[in-house]
Amino acid sequence: MAAVVLTAPGSDAASGPPIDSGNTAWIAICTALVFIMTPGVALFYGGMLRKQSMTSIMAQTLVVIAIMTLTWVAVGYTLAFGGDGTIVGNLDHVLLNGIAYDDIMDGGIPELEFVMFQCAFALITAGIVIGACAERIHFKAIALFLIVWSVVVYAPMAHWVWGGGFFDEYFTVRDFAGGTVVHICAATTGLALAIFVGRRGDRVIKDRAHNLPLVFIGFALLWFGWLGFNGGSGLAADGIATNAILVTQLSMATSMAVWALIQYFHSGHVGVLGLISGGVAGLVAITPAAGYVTASSAIIIGAVCAPICYFGVLFMRRKSGIDDALDVFGVHGLGGIWGSIATGIFALESMGGAAGLIEGGTDLFVGQIVAAVITLVYCFAVSYAIIFLVSKVTPVRLSEDEEAIGADIMEHGEPSYII
């Protein structure tokens, strides 16, 4: 995505390229697919929680859609893609000022279409975050947090990687569809929230997923949307898009299969949640590499991802003392880190403009590690600071009794089930 994005914002229709109807139609489809992922997260997360938390997770997902859309259009887009400043972009496009409906980017797509494609990425990133602190954070607190976070964490991250910021300026970094910007950022943010709000009560944690069919439907929407997520990130209907879809499917399938094998030998059974978790881990891991690697590399990426995330999730649950309610860091964080490193190993210069270790290149490998570390540190520190400040304005954590009764009733007055 980066190579196109860096020259795109602010293009002028009079001097820019003509519109490419094929690319425009393809990115419109991919934008819709990525938007599907956010309500998919609500079903995916909601089914894994207690039935007393289903309404809460849907409400939080809806407020993600509202807040992230408005902040993205107001200031997020211009901070991320408005010029090539080192830290953030400029303010030339506040409220999309100066972007006309017929402004065409390199690649022949309208810039407003790119705005919406990137808006969908902002939504799903925030949607992933809420899973880490589910069942015990106040609705008002997460809403206030997201308003600030969208501007001071997500927008700068998008700029550093895709908008000509300091990652691109000082390092060789490739992130095709958001391994760093979306998954490491979201997972580290979620980790900060989970640590700040603390663990759920034992009587809440011990409850199992209340609705596996909902989890399955949510996963299906995520999987379907991910094909547009990765397939559209080259901003063109071409061979790179086709390759991205192919390797996305291969990594997902491989990780799912390997996860199932590990679970079987480790616990003696294969569960639906395990299969789905393996699939999501594989989707996460291939995200930064999808436009730069071959099918065989995708299989390796998926195969290695499964044990990393499987045992990472076990460690987070049993040893860390951190209640990452829906395994956000274990799957998205560790999967994103591995995917970023794997990009530095397997990327082909002919596809991404930078050679990985398999072609003798070291700059990309080093750059990917540096980018991952900086993302971890920045997103955690700033997110923790934001939620700390929010706690000075409004209560962040539900009380023990409120948590036990459930946020559906205590926060929203709307149970999802009446039987």
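Residues in the sequence shown are numbered consecutively from -16, following the numbering used here. Cβ coordinates follow ideal geometry from the N, Cα and C atoms, glycine included. Because the structure is a prediction, the values reported are computed rather than measured.
{"Asked": "Is it right to say Thr(-10) is buried, meaning 16 or more other beta carbons lie within 10 angstroms of its own, or is it exposed?", "Found": "Only weak support is given to the placement of Thr(-10): the predicted model assigns it a pLDDT of 39, under 50, and the question is left unresolved by the model."}
{"Asked": "Alpha carbon to alpha carbon, how far is Ile120 from Arg300? Give it in angstroms, no decimals.", "Found": "19 Å"}
{"Asked": "Can you say whether Thr231 is buried or exposed, counting buried as having 16 or more other CB atoms within 10 angstroms of its CB?", "Found": "buried"}
{"Asked": "I want to see whether chain C comes within less than 8 Å of Lys375, judged by CB atoms only; does it?", "Found": "Considering every chain present, this structure includes no chain C. It has just one protein chain."}
{"Asked": "Applying the 10 Å Cβ sphere with the 16-neighbour rule, what's the burial state of Ile401?", "Found": "exposed"}
{"Asked": "Could you tell me which whole alpha helix (DSSP H) segments of length 4 or greater appear in the segment 319 to 366?", "Found": "332 to 335"}
{"Asked": "What does DSSP give as the partner residue(s) for Pro93 in the beta ladder?", "Found": "Ile87"}
{"Asked": "Going by Cα to Cα distance, which pick from Ile320, Gly274 and Ile282 is closest to Gly295?", "Found": "Ile320"}
{"Asked": "Counting only the same chain and skipping the five closest in sequence on each side, list residues whose C-beta sits under 7 Å from that of Thr21.", "Found": "Thr44, Val47, Ile48, Leu106, Ile107 and Gly110"}
{"Asked": "Exposed or buried, which one is Asn6 when buried takes at least 16 other CB atoms within 10 Å?", "Found": "buried"}
{"Asked": "From this set, Ala141, Tyr293 and Phe202, which residue's C-alpha is nearest Phe248's C-alpha?", "Found": "Tyr293"}
{"Asked": "Could you compute how far the alpha carbon of Asp384 sits from the alpha carbon of Arg191?", "Found": "19 Å"}
{"Asked": "From which residue to which residue does the alpha helix (DSSP H) around Lys123 run?", "Found": "Phe122 to Trp132"}
{"Asked": "Do you know offhand how far Cys116's Cα is from Gly173's?", "Found": "7 Å"}
{"Asked": "If contact is defined by three or more beta carbon pairs under 8 Å, each pair taking one atom from either stretch, is the segment 323 to 337 in contact with the segment 52 to 67?", "Found": "no"}
{"Asked": "Using a threshold of 8 Å, state whether the C-beta atoms of Ile70 and Gly146 are closer than that.", "Found": "no"}
{"Asked": "With a threshold of 16 other CB atoms inside 10 Å of the CB of Ile188, please say whether the residue is buried or exposed.", "Found": "exposed"}
{"Asked": "I think Asn213 touches Ala227, with their Cβ atoms under 8 Å apart; what is that distance to the nearest whole Å?", "Found": "5 Å"}
{"Asked": "Mapping DSSP to helix, strand and coil, what is Arg411?", "Found": "In the structure as shown, the chain starts at -16 and stops at 402, and residue 411 therefore has no counterpart that could be examined."}
{"Asked": "How big is the Cα-Cα spacing for Asp391 and Thr38?", "Found": "5 Å"}
{"Asked": "Just reading off the alpha helix (DSSP H) that Cys168 is part of, what are its end residues?", "Found": "Cys168 to Val180"}
{"Asked": "Leaving out five residues on either side along the sequence, give the residues of the same chain with a beta carbon under 8 Å from the beta carbon of Ile388.", "Found": "Gln35"}
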